[in-house]
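Have a look at the structure below before the remarks.
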Amino acid sequence: AKHLQWLPNRKINYAKAKLQLGNPAHIMAQEFEDSAYGDLRKIAPKIKGCIFGENVKESKTSEQPSARSSKEKTCQSIEAQVQCLVEMARDPEILGRQWVGL
């Protein structure tokens with residue numbers, strides 16, 4: 302039962318994943334699932350869609366998908382991880398939800 306796992310242990314596991322080149326979108330999605338909001342089944346797919354940047358292109362002129370939409374749980378390099386983080390930090394969909402507590 303994940304919800305019974307002690308919060309500090311979960312936070313340590315998130316930090317370890319970040320240090321081991323974890324894909325920031327996967328980590329944020331896991332944090333959402335583990336949060337009190339994770340049980341909001343109606344909106345969970347929409348929230349996860351925002352986290353994974355389903356409607357985001359790398360740039361307005363590019364046809365490449367967003368960096369964070371990768372299904373890989375681990376980034377290939379520090380640069381790829383940073384690219385995901387920057388993309389997430391600039392996404393108004395995430396910013397607005399983070400402001401109210403996701």
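In terms of my numbering, the sequence shown is numbered consecutively and its last residue is 403.
Even for Gly, the Cβ is constructed at its ideal location relative to N, Cα and C.
Owing to the predicted nature of the structure, the values given are computational and were not obtained by experimental measurement.
Exercise. Where does the unbroken alpha helix (DSSP H) through Phe333 begin, and where does it stop?
Worked result: Per DSSP, the continuous alpha helix (DSSP H) segment holding Phe333 begins and ends at 325-335.
For this session: May I have the straight-line CA-CA distance separating Gly397 from Phe333, to the nearest angstrom?
Result: Gly397 and Phe333: Cα-Cα distance of roughly 15 Å.
For this session: Use the C-beta contact count for Gly323: other C-beta atoms within 10 angstroms, 16 or more gives buried, fewer gives exposed.
Result: By the neighbour-count rule (16 or more Cβ atoms within 10 Å), Gly323 is buried.
Exercise. What is the C-beta distance between Pro325 and Met389, in whole angstroms, given that I count them as a contact (C-beta under 8 Å)?
Worked result: Going by Cβ atoms, the distance from Pro325 to Met389 rounds to 6 Å, so yes, they are a contact pair.
Problem set entry | CB-CB length for Ser371 against Glu355, believed under 8 Å | Between Glu355 and Ser371 the Cβ distance is about 12 Å, and since that is not below 8 Å, they are no contact.
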